[in-house]
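Asks: Here it is, the structure in full.
Numbering (my numbering), first residue to last: 57 to 217.
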């Protein structure tokens, strides 16, 4: 998680690069092992061959699930712009594109939040005046200092902007 700031804007960028790499590796490994199971299967063989065939669908499911998570785990970018008086939120992944903008008048506050029982799982939360609560990072994996820095800078931009 990275925070970039200047006088009128602050930007939070959360990239799940390690999770994408791990899921991509898991997909490739499970797919390769499933292919090897089918490649060396001997019809009419012993228990080992039967085990390989029965294990193959599970490996294919693991490979597909890992590939799906690798392609849909989104990079979250939240930008608080004091000049335009907007909060802009973007999620980007190979299969996911989502962009939302709120005016300062619609935003009650941006505050740090941790999932209950998980002190290492910090993320910024946008509180809207209509009562909605939106986690700006869909997965809570940020360090407390970065999240608190972003929220304090966002608050100061929103109050002075």
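Yeah, the Cβ is synthetic: ideal placement off N, Cα and C, and Gly gets one too.
At which residue ranges does the stretch 104-142 contain complete beta strand (DSSP E) runs of 3 or more residues, listed in the order of the chain?
Replies: Listed in chain order, the complete beta strand (DSSP E) runs (minimum 3 residues) inside the stretch 104-142 are 131-137.
Asks: So the beta strand (DSSP E) residue 61 belongs to, where does it begin and stop?
Replies: Run containing residue 61: 58-61, per the beta strand (DSSP E) assignment.
Asks: By DSSP's criteria, residue 181 is part of a beta bridge. Which residues make up the other side?
Replies: Residue 181 is bridged to 167 and 191.
Asks: Spell out whether any CB of chain B is found under 9 Å from the CB atom of residue 84.
Replies: Going by chain labels, chain B is absent from the structure shown, which holds only one protein chain.
Asks: Going by alpha carbons, who is nearest to residue 144 out of 151, 126, 128 and 166?
Replies: It is 166.
Asks: Are the beta-carbon atoms of residue 194 and residue 178 separated by less than 9 Å?
Replies: Cβ distance not < 9 Å, so residue 194 and residue 178 don't count as in contact.
Asks: Which residues does DSSP list as the beta-bridge partners of residue 67?
Replies: Partner(s): 60 and 135.
Asks: The alpha helix (DSSP H) with residue 87 in it runs from where to where?
Replies: Unbroken alpha helix (DSSP H) run through residue 87: 73-95.
Asks: Indicate whether residue 180 and residue 73 have their beta-carbon atoms separated by less than 9 Å.
Replies: For residue 180 and residue 73, no; Cβs fall outside 9 Å.
Asks: Measure the CB-CB distance between residue 191 and residue 136 and report whether it falls below 9 Å.
Replies: Not in contact: residue 191 and residue 136 (Cβ atoms no closer than 9 Å).
Asks: For residue 104, is the classification buried or exposed, using 16 other Cβ atoms within 10 angstroms of its Cβ as the cut-off for buried?
Replies: Residue 104 is exposed by the Cβ-count criterion.
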